[in-house]
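Asker: Questions regarding the structure given below will be posed in turn.
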C-alpha cells in the first residue's frame, strides 16, 4: 500500500522550484503537487486571480482504498471591495492513480533531462588535458 499527499490551490498554478531541498534546473508549473513519504517540494504561487475566496486543498491518496474524504482545506482571501462567490472555489484536484502517473511523468522528464545535462557537464569538465599536469607545493611559513 502506498500513500501520497496532493496539494493544490483553486485557479492558481504552482511553480516548483526545488525538490527535497535541492533547486531544480528548470522550474515547472503545475496545478497541483504530489508528495510521498519523506519528500518536500518548494513551490511559488502568484496571487494574480480575480479577487475572491479560493480554497487551498491537501488530501491523501492511498492505494487499494477508495476513501477520498481525508482532505484538509484553508481559504485564501484576496483583499479588496468585492462580493465573494459562494461557496469558495475549489481546485481541480484529481486524487487518483492516473493523476499520480501524470505527475510522475512530469517529474521524471525533468530528472532525466537534469541527469543528462549534469552527466554532460561531468564528461566535459573532467576530460584529460592534452599536456602533462604541473603543480607546485606551497608550504606555510
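In this note's numbering, the protein residues as written are 22 to 162. By construction, the Cβ of each residue, glycine as well, lies at the ideal position given by its N, Cα and C atoms. Keep in mind the model is a prediction, meaning the values are calculated, not measured.
(1) Nearest by alpha-carbon distance to residue 79: which of 36, 52, 39 is it?
(2) What whole-angstrom Cβ distance do residue 36 and residue 65 have, given they're in contact under 8 Å?
(3) If you measure between the beta carbons of residue 29 and residue 112, is that distance less than 9 Å?
(4) For residue 82, name the three-state secondary structure that DSSP assigns.
(5) Please identify the residue among 27, 33, 56 whose C-alpha is closest to the C-alpha of residue 50.
(6) Identify, in the order they occur along the chain, each residue of the same chain with its Cβ nearer than 7 Å to the Cβ of residue 44, setting aside the five sequence neighbours on each side.
(7) Determine the direct distance from the alpha carbon of residue 48 to that of residue 77, and round the result to whole angstroms.
(8) Can you tell me the Cβ-Cβ gap for residue 25 and residue 56, rounded? I've got them flagged as a contact below 8 Å.
(9) Can you tell me whether residue 98 is helix, strand or coil according to DSSP?
(10) Near residue 58, which residues of its chain fall below 8 Å by C-beta distance, leaving aside the five closest residues on each side in sequence?
Answerer: The structure says:
(1) What you label residue 79 is simply residue 58 of the chain shown in a count that begins at 1. Checking every option, the nearest Cα to that of residue 79 belongs to 52.
(2) Here residue 36 corresponds to residue number 15 of the chain shown, with the count starting at 1. Here residue 65 corresponds to residue number 44 of the chain shown, with the count starting at 1. That belief holds up - the Cβ atoms of residue 36 and residue 65 are roughly 5 Å apart, short of 8 Å.
(3) To locate residue 29, count along the chain shown from 1; it is residue 8. To locate residue 112, count along the chain shown from 1; it is residue 91. A contact, by the Cβ cut-off of 9 Å.
(4) Taking the chain shown and counting its residues from 1, the one referred to as residue 82 is at position 61. Here residue 82 sits in strand by DSSP.
(5) As a first step, residue 50 is located in the chain shown; it is residue number 29 there, counting from the start. The shortest C-alpha separation from residue 50 is found at 33.
(6) Here residue 44 corresponds to residue number 23 of the chain shown, with the count starting at 1. Counting only Cβ-Cβ distances below 7 Å, and skipping sequence neighbours, we find 38.
(7) The residue labelled residue 77 in the question sits at position 56 within the chain shown. The residue labelled residue 48 in the question sits at position 27 within the chain shown. So the alpha carbons of these two residues sit roughly 21 Å apart.
(8) If you number the chain shown from 1, residue 25 lands on position 4. If you number the chain shown from 1, residue 56 lands on position 35. Yes, they are in contact, since the Cβ atoms of residue 25 and residue 56 sit about 6 Å apart, within 8 Å.
(9) As a position in the chain shown, residue 98 is number 77, starting the count at 1. Reduced to three states, the DSSP call for residue 98 is strand.
(10) Counting from one through the chain shown, the residue named residue 58 turns up at place 37. Answer for residue 58: 24, listed in chain order.
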